[in-house]
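One structure below.
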DNA sequence: CAAACGATTTCC
DNA sequence: GAAATCGTTTGT
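Here is the structure:
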């Protein structure tokens, strides 16, 4: 129970779980605002059999209006339509015909935008529950948007689902301990340009936990604050 | 209808 | 450095 933010003083298990789940309204702002705030939060995937897979978000990227790299830059299509709706929904797409990438839709209706979740630090129990590739280091099991979806069993069938407690997926707030470390500078965030793009390459809309071994790419040096 | 392309990953 | 692989998007 330690480390759980619980302003109600109600420590029943169900109440604590509800407190920690991020509500829809929290995502109702620009992707650039949400993306850094998602670092340190926990992505929870609940499988049909009730099994929960968990990982702390350690890397994100923002995609929003006026951004040529955003999938909603040109017009509304079948693939990107979820981004045009309200916040707090899951946007999943197939990339290179073989991997999936998962996003959280942000901002109000009519402001197409989303935050790409690029890397997780998987919880010990989750590492035990899944099967890792033969030579894979556990810390790297969800280091990258495609690997993350593979580890968390995220695919197109989650497209358009809402991030809510008890659903197929939801997100929980940073722990008090993690937030405290960020506040005193024990943990730092780095802001850089995004990965793998041909357009919008100079926008510094990628964030990650400085020094974290679970991040997708290290060599890209900080553009801000170095 | 045909062709190019990609917010990736892995292996040579 | 290049292949794998396929739905979406864009062009003819």
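Numbering (our numbering), first residue to last: 45 to 270.
C-beta: ideal position from N, C-alpha, C; glycine also.
query = What does residue 159 pair with, by DSSP beta-bridge criteria?
reply = Sequence index remark: in the first chain, residue 159 carries index 115 (1-based). Paired residue(s): 106 and 148.
ask   = Going along the chain, which unbroken runs of the alpha helix (DSSP H) with 4 or more residues stay wholly within the region 64-133?
value = DSSP runs (the alpha helix (DSSP H)) wholly in the region 64-133: 75-82.
inquiry  = Is it the case that the region 206-217 contacts the region 69-88, given that we only count it when at least three CB pairs across the two stretches are under 8 angstroms?
reply    = In this structure the region 69-88 touches the region 206-217; the number of beta carbon pairs closer than 8 angstroms is three or more.
request  = Please name the residue, chosen from 250, 95, 147 and 80, that lies closest to residue 169 on a Cα-to-Cα basis.
outcome  = Taking the first chain and counting its residues from 1, the one referred to as residue 169 is at position 125. Comparing Cα positions, the closest option is 95.
key: Environment of residue 134 [buried if 16+ CB atoms lie within 10 Å]   = Here residue 134 refers to the residue found at position 90 of the first chain. Buried: at least 16 other Cβ atoms inside 10 Å.
key: Residues near residue 203 by beta carbon distance below 6 angstroms, same chain, minus five either side   = As a working note, residue 203 is residue 159 in the first chain. Excluding positions up to five away in sequence, the list reads 136.
query = Given residue 187, which residues of its chain have a CB within under 7 angstroms of its CB, disregarding the five upstream and five downstream residues?
reply = Position 143 of the first chain, counting from 1, holds the residue named residue 187. If we look at residue 187 and ignore the five residues flanking it on each side, its Cβ neighbours are 163, 258, 259 and 260.
task = Return the CA-CA distance between residue 155 and residue 74, expressed in angstroms with no decimal places.
result = Counted from its first residue, the first chain places residue 155 at position 111. Counted from its first residue, the first chain places residue 74 at position 30. Each residue's Cα considered, the two are about 8 angstroms apart.
query = Distance, Cα to Cα, residue 252 vs residue 230?
reply = Walking along the first chain from the start, residue 252 turns up at place 208. Walking along the first chain from the start, residue 230 turns up at place 186. Each residue's alpha carbon lies about 14 angstroms from the other.
ask   = Who pairs with residue 187 in a beta bridge, going by DSSP?
value = Residue mapping note: residue 187 aligns to position 143 of the first chain, counting from 1. The partner list for residue 187 (beta bridge, DSSP) reads 163.
query = Can you tell me whether DSSP reads residue 171 as helix, strand or coil?
reply = One-based indexing of the first chain puts residue 171 at position 127. In this structure, residue 171 counts as helix in the three-state DSSP scheme.
query = Can you tell me whether residue 191 is buried or exposed, with buried defined as 16 or more other CB within 10 angstroms of its CB?
reply = Along the first chain, one-based indexing puts residue 191 at 147. It counts as buried.
message = Restricting to Cα atoms, I'd like to know which of 144, 232 and 79 is closest to residue 193.
response = Taking the first residue of the first chain as position 1, residue 193 is located at position 149. The shortest Cα separation from residue 193 among 144, 232 and 79 belongs to 144.
key: Proximity of residue 178 and residue 150 at Cβ, strictly below 8 angstroms   = Stepping through the first chain from its first residue, residue 178 is reached at position 134. Stepping through the first chain from its first residue, residue 150 is reached at position 106. Against a cut-off of 8 angstroms, the Cβ pair of residue 150 and residue 178 comes out as no contact.
ask   = Which residues does DSSP pair with residue 236 in a beta bridge?
value = Working through the first chain from its first residue, we reach residue 236 at position 192. Paired residue(s): 250.
inquiry  = How far does the alpha helix (DSSP H) with residue 228 in it extend, from its first residue to its last?
reply    = Residue numbering aside, residue 228 sits at position 184 when the first chain is read from its first letter. Taken as a continuous stretch (DSSP letters only), the alpha helix (DSSP H) holding residue 228 covers 220-228.
message = Suppose the cutoff is 6 angstroms on Cβ atoms and the five residues either side in sequence are ignored; what does the same chain contact list for residue 120 look like?
response = By one-based count along the first chain, residue 120 stands at place 76. Excluding residues within five positions, the ones whose Cβ falls inside 6 angstroms are 128.
Close-in-space but distant-in-sequence residues of the same chain around residue 171 (CB under 8 angstroms, 5 per side omitted) = The sequence position of residue 171 within the first chain is 127, counting from 1. Residues 182 and 185 of the same chain have their beta carbon placed closer than 8 angstroms to that of residue 171, with the five preceding and five following residues left out of the count.
inquiry  = With a threshold of 6 angstroms on Cβ separation, who are the neighbours of residue 196 within its own chain once the five nearest residues in sequence on each side are excluded?
reply    = The residue you call residue 196 lines up with position 152 of the first chain. Beyond the five residues adjoining it in sequence on each side, residue 196 comes within less than 6 angstroms, by CB distance, of 89 and 97 in the same chain, given in chain order.
inquiry  = Spatial neighbours of residue 166 within its chain, please: C-beta separation below 6 angstroms, excluding the five flanking residues on both sides.
reply    = As a position in the first chain, residue 166 is number 122, starting the count at 1. Cβ within range, chain order: 99, 185 and 186.
ask   = Under three-state DSSP, which class holds residue 176?
value = Locating residue 176 in the first chain gives position 132, counting from the first residue. Coil at residue 176, not helix or strand.
query = Under a Cβ-count criterion, where at least 16 other Cβ atoms within 10 Å of its own Cβ denotes burial, should residue 160 be classed as buried or exposed?
reply = The sequence position of residue 160 within the first chain is 116, counting from 1. When all chains shown are included, residue 160 counts as buried.
task = Alpha carbon to alpha carbon, how far is residue 118 from residue 48? Give it in angstroms, no decimals.
result = For this step, residue 48 is matched to residue 4 along the first chain. For this step, residue 118 is matched to residue 74 along the first chain. Note that residue 48 scores 46 on pLDDT, short of 50, meaning its location in the model is unreliable; the coordinates nonetheless yield the value given after this. When rounded, the distance between both Cα atoms is 42 angstroms.
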